[in-house]
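Have a look at the structure below, then the notes.
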Amino acid sequence: MRELVVLGTASQVPTRTRNHNGYLLLWDGEGLLFDPGEGTQRQMIHAGVSATQITRICLTHVHGDHCFGLPGVLSRMALDGVAHPVHLHYPASGEELVRALVAVSSPGIDLRLYPHGGAGTVARGLEVRPLKHRIETYGYRLTEPDGRTFLPDLLAAAGIWGSDVGRLQREGRLGSVRREDVSVPRPGQGFAFVMDTAPCAGGEELADGVDLLVAESTFSNDDAGLAKEYRHLTAGQAGELAASAAVGTLVLTHFSSRYSDDVTPLARQAKERAGAATIIAANDLDRIAFPKRRLQP
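According to my numbering, the sequence shown is numbered sequentially starting from 3.
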């Protein structure tokens, strides 16, 4: 199952209907929690997700609205008796604050810390790229390797069934039948998380060709001056990122409290520049199914 559970969509100041940040990506048995702000533990209860589902926590940077919910989440995991390792990724410059947040959490889980100080791969299929914010900030990209999809009719015609299908998958050949003879290419899916940044090369690299992009949309196009000053994206810039990167679906979030909780105008501004991308303006507790796999070009 692949699904994005939106736990919070506010930026620095929460509102009556928008909690601070928090996003749980359910991906093939893993649970990646991105940027848990204040109240994330409570939002998880409302969303119907369990702390036991979290296997990895990814912080883009150490501004409070992106990490102050960490102690509560870790304490809940300890209370629930999470036995599996929990991997925590964060910018190396935030080491002191991250260790302080971890120190006030309830002990009892196998928490493993992974600071990063540059672009690269931080776990299998998970990469980071530097973004352009007021402090050291990184976005994340999760990708699935390309593979192949077996076609039942071709397998049957070749007389291959049962455990032999798995053997063909592993070995690439079974007698005179090659894997390519009975299958078609299956493009790997991709997810990117781009938060708190001005337009930059790192954001473009993260978003390139992904099926689902979560991007901040802090400001309206009318407040482009503020976005530039504080190094954030406008809704239109988020749309431009999706268009230039050929993104399948763009999820807008991290909305400033200066706007109404109805962010339809921001979604419209993004759509005007997003090309073929589908636009979703996220609300707290939304559950967004991962888009269907795109066809091989």
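Glycine included, every Cβ here is placed at the ideal spot set by N, Cα and C. Note that the structure is a prediction, hence the values are computed from the model and not measured.
field: Closest by C-alpha distance to Arg4, when choosing among Arg180, Leu99, Gln191
entry: Nearest option by C-alpha distance: Gln191.
- prompt: Between the beta-carbon of Pro132 and the beta-carbon of Gly204, is there less than 8 Å?
  reply: Yes, the Cβ-Cβ distance between Pro132 and Gly204 is below 8 Å.
- prompt: In angstroms, rounded to a whole number, what distance separates the CA positions of Leu26 and Ala159?
  reply: Taking the straight line from one Cα to the other gives about 43 Å.
- request: Name the residue from Pro267, Leu235, Val265, Asp213 whose alpha carbon lies nearest to the alpha carbon of Ala248.
  value: Of the candidates Pro267, Leu235, Val265, Asp213, the residue whose Cα lies closest to the Cα of Ala248 is Asp213.
First through last residue of the beta strand (DSSP E) which encompasses His89: Looking at the DSSP string, the run of the beta strand (DSSP E) that includes His89 is 88-93.
- prompt: Alpha carbon to alpha carbon, what distance is there between Val64 and Leu99?
  reply: Leu99 and Val64 have their C-alpha atoms spaced approximately 7 Å apart.
- prompt: Going by other Cβ atoms of all chains shown within 10 Å of its Cβ, with 16 needed for buried, is Thr42 buried or exposed?
  reply: Its Cβ being crowded by 16 or more others within 10 Å, Thr42 is buried.
message: Can you tell me where the beta strand (DSSP E) holding His118 begins and where it ends?
response: In the DSSP assignment, His118 falls within the unbroken beta strand (DSSP E) covering 113-118.
- request: Please report how far the alpha carbon of Cys60 lies from the alpha carbon of Thr199, in whole angstroms.
  value: The alpha-carbon separation between Cys60 and Thr199 amounts to approximately 16 Å.
query: Looking only at DSSP bridge pairs, what is Val249 linked to?
result: Answer is none; Val249 lacks a bridge partner.
- prompt: Among all the DSSP beta bridges, which residues are the ones paired with Tyr25?
  reply: Beta-bridge pairing by DSSP links Tyr25 to Val8, Phe36.
task: Only counting runs of 3 or more residues, tell me where the beta strand (DSSP E) segments fall wholly within the region 132-159, in order along the chain.
output: Runs found: 140-145, 149-152.
message: Counting C-beta neighbours from all protein chains within 10 Å, is the total for Ile47 16 or more, i.e. buried, or is it exposed?
response: Classification of Ile47: exposed, given that the 10 Å Cβ count is below 16.
message: Which residue marks the beginning of the beta strand (DSSP E) containing Gly192, and which one marks its end?
response: Annotation for Gly192: the continuous beta strand (DSSP E) segment containing it runs 192-196.
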